[in-house]
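J.: The structure that follows is given in the form of structure tokens.
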Amino acid sequence: MALSGLAIYKMLPQTNCKECGFPTCLAFSMKLAARQVELSACPHVSEETKTQLDSASAPPIRLISLGKDGHKLEVGNETVIFRHEKTFYHQPGLIYRLADSLDDQEFTHRLDQVADYGVERVGMDLRPDGVAVQDSSGSADTFAARVGQVAGKGLAIILMSSDPATMEAGLKAAQGKEPLIYAADSGNWQPMADLAKKYGAPLAVLGAGGDLEALAALAEQVAGYGVENLVLDPGARGWSDSLGALTRMRRAAIKKNFRPLGYPVITFPGEGSEDPREEAMLASQFIDRYASLIVMDDFEPAALYSLLTLRQNIYTDPQKPIQVTPGLYEIGDPKGDSPLLVTTNFSLTYFSVAGEVEGSGRPAWLLVADSEGMSVLTAWAAGKFDAERIAKAVKAAEVPDKISHKSIVIPGFVASISGDLEEELAGWQILVGPREAIGIPSYLRQLAKG
Ligand code: SF4
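Per the numbering used here, the very first residue in the sequence shown carries number 20; after that it's consecutive.
Structure below.
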């Protein structure tokens, strides 16, 4: 049964030594109760307490890591069914599958496509996470050579082979990069589990056709054998079968605390689709519910961009919008007489406005007021983007010391605050800009003409 933070706190050493990464035992116990940390983070818990707390405190979905150092991909550790209940913590890894039987040129080309892809959105660097090397050649040497090629790229790696000897060749070639072994099934689980132990690698457990009872029994067997870092593949493919399986698994883990299904889930949208477009759509279903690793077959930059954007949105904490730091930003080397615009610190708003100013080719100053991460209209309605806040932002950023005029352009949506702002900024001219960022280039052109 789940314990409250206070009940857990009473069982902790209460020395506030901070070794767990939290300032106090109470803070740690609250996180433990919310199942966002593991008990093992506190090195001072007695064995007796460990036994008492273990099942009550372990996250309902185990945290699994692939890769090392700067290229670590962490999945799992989720605590809710729906994002709005709290937040989702670890976004699913987007992995591209490459067959080891591809010729040298094609394999290298596809690998580079994945490794080199990157886009910036609202100030964040978005990239695919890794490569799955599929044993299609039937040759352990070929498999190992391809894995070695991938290992130099700083990506998460999944090794896909049902043959333990080939798998071991891949593990050796992965150079200790903690790849995921895919997969242990009812026929080969023991040698695969031995490899997972020997190389300290996480292990995927493969079910058949969405039979969750059989999958749970196999996962329990493998965990009982001593391999606890597991990833599950229910074996369901296609739209409704996989949605049903993944939803039942998430519910069993979160609502019933059913440990044998409390692991991250791996999916293969390409195996349930007729073409690349359907694969991308199915991948988007998996981002929403409830995949931890999504192994794609078709690399299509436009589809990848959509998936990365969706993933970024779903895995943003709904209570903490992505924000930029309030202050005065220079867009395109502005001079003292360049126009001054003001907007909110919601990232998407900032980057839309900054992008349009930049695209206009007219340098400008962009003042970002602290609206607690809300967009213009939302912030205005909540009283977080009003004349007082804008005037404060002007002062805090020492705007009068940097520009030689006293004009400020406010978003068209908040034209109604012009009068109040005139009072707050005595002697300033308040100009009402366009409602949408897209109107900024033509507005700046008109402004330059006077
Ligand atoms: S490591 Fe343990 S004893 Fe130290 S502060 Fe954290 S919970 Fe308390």
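Ideal placement from N, C-alpha and C gives every residue a C-beta, glycine not left out. Just so it is clear, the structure is predicted and the values come from calculations on it, not from any experiment.
With a threshold of 8 Å (Cβ to nearest heavy atom), would Pro-79 be considered close to the ligand SF4?
T.: To locate residue 79, count along the sequence shown from 1; it is residue 60. No, the beta carbon of Pro-79 sits no closer than 8 Å to any heavy atom of the ligand SF4.
J.: Rounded to a whole number of angstroms, what is the C-alpha to C-alpha distance between Arg-140 and Thr-328?
T.: On the sequence shown, residue 140 is found 121 positions in, with the first residue counted as 1. On the sequence shown, residue 328 is found 309 positions in, with the first residue counted as 1. So the alpha carbons of these two residues sit roughly 8 Å apart.
J.: For Tyr-218, which residues in the same chain have their Cβ closer than 6 Å to its Cβ, ignoring the five residues on either side in sequence?
T.: What you label residue 218 is simply residue 199 of the sequence shown in a count that begins at 1. Leu-190, listed in sequence order.
J.: Tell me whether Thr-68 counts as near the ligand SF4, meaning its Cβ is closer than 8 Å to at least one heavy atom of that ligand.
T.: Here residue 68 is taken as the residue at index 49 of the sequence shown, counted from 1. Because no heavy atom of the ligand SF4 lies under 8 Å away, the Cβ of Thr-68 does not count as near it: no.
J.: Using three-state DSSP, classify Arg-140 as helix, strand or coil.
T.: In the sequence shown, residue 140 corresponds to position 121, counting from 1. Residue state, collapsed to three classes: strand.
J.: Leaving out five residues on either side along the sequence, give the residues of the same chain with a beta carbon under 7 Å from the beta carbon of Asn-276.
T.: Translated into positions along the sequence shown, residue 276 becomes position 257. Excluding sequence neighbours, Asn-276 sits near Pro-79.
J.: Alpha carbon to alpha carbon, how far is Gln-209 from Asn-248? Give it in angstroms, no decimals.
T.: Here the question's residue 248 lines up with position 229 in the sequence shown. Here the question's residue 209 lines up with position 190 in the sequence shown. Those two C-alpha atoms are separated by around 15 Å.
J.: Classify Val-284: buried if its beta carbon has 16 or more other beta carbons within 10 angstroms, exposed otherwise.
T.: One-based indexing of the sequence shown puts residue 284 at position 265. By the 10 Å Cβ count, Val-284 comes out buried.
J.: Using the Cα positions of Cys-61 and Cys-39, report the straight-line distance between them to the nearest angstrom.
T.: For the purposes of this step, residue 61 is taken as the residue at position 42 of the sequence shown. For the purposes of this step, residue 39 is taken as the residue at position 20 of the sequence shown. Rounded to the nearest angstrom, the two C-alpha atoms are 5 Å apart.
J.: For the alpha helix (DSSP H) containing Trp-447, name the first residue and the last one.
T.: As a working mapping, residue 447 is identified with position 428 in the sequence shown. Careful: Trp-447 lies outside any alpha helix (DSSP H) and carries neither H nor E.
J.: Along the chain, where does the beta strand (DSSP E) containing Arg-12 start, and where does it finish?
T.: A question about residue 12 goes unanswered here, because the residues of the chain that appear run from 20 up to 469.
J.: Can you give me the Cβ contacts of Gln-168 inside the same chain, cut-off strictly under 8 Å, excluding the 5 residues immediately before and after it?
T.: Counting from one through the sequence shown, the residue named residue 168 turns up at place 149. So the list reads Phe-126, Thr-127, Leu-130, once near-sequence residues are dropped.
J.: Could you give the distance in angstroms between the alpha-carbon of Gly-24 and the alpha-carbon of Pro-32?
T.: Residue numbering aside, residue 24 sits at position 5 when the sequence shown is read from its first letter. Residue numbering aside, residue 32 sits at position 13 when the sequence shown is read from its first letter. Between Gly-24 and Pro-32, the C-alpha separation is close to 14 Å.
J.: Can the beta-carbon of Tyr-108 be found less than 9 Å from the beta-carbon of Tyr-334?
T.: Within the sequence shown, numbered from 1, the residue matching residue 108 stands at position 89. Within the sequence shown, numbered from 1, the residue matching residue 334 stands at position 315. In this structure, Tyr-334 lies closer than 9 Å to Tyr-108 by Cβ.
J.: Spatial neighbours of Thr-233 within its chain, please: CB distance less than 7 Å, with the 5 preceding and 5 following residues excluded, ordered by chain position.
T.: The residue given as residue 233 occupies position 214 in the sequence shown. Per the sequence shown, residue 233 should be read as Ala rather than Thr. Taken in chain order, the residues that qualify are Gly-226, Ala-227.
J.: Following a CB-centred definition, is Glu-57 positioned closer than 8 Å to any heavy atom of the ligand SF4?
T.: Working through the sequence shown from its first residue, we reach residue 57 at position 38. Glu-57 Cβ: outside cutoff for every heavy atom of the ligand SF4.
J.: On the three-pair Cβ rule with 8 Å, is the region 151–160 touching the region 367–379?
T.: No contact exists between the region 151–160 and the region 367–379.
J.: Measuring alpha carbon to alpha carbon, tell me which residue in Ala-170, Leu-440, Ala-163, Ala-310 is nearest Ser-120.
T.: Taking the first residue of the sequence shown as position 1, residue 120 is located at position 101. Nearest C-alpha to Ser-120: Ala-163.
J.: Just grab the DSSP bridge partners of Met-179 for me.
T.: The sequence position of residue 179 within the sequence shown is 160, counting from 1. Answer is Gln-153, Tyr-201, bridged to Met-179.
J.: Any heavy atom of the ligand SF4 closer than 8 Å to the Cβ of Ala-52?
T.: As a first step, residue 52 must be located in the sequence shown, where it is residue number 33. No; taking the cut-off as 8 Å, the Cβ of Ala-52 has no heavy atom of the ligand SF4 nearer than that.
J.: Comparing alpha-carbon positions, which option in Pro-419, Asp-135, Thr-43 lies nearest Leu-347?
T.: Along the sequence shown, read from residue 1 onward, the residue named residue 347 stands at position 328. Taking only the C-alpha atoms, the option nearest Leu-347 is Pro-419.
J.: Quick check on DSSP: helix, strand or coil for Ala-46?
T.: Taking the first residue of the sequence shown as position 1, residue 46 is located at position 27. Ala-46: helix per DSSP, three-state reduction.
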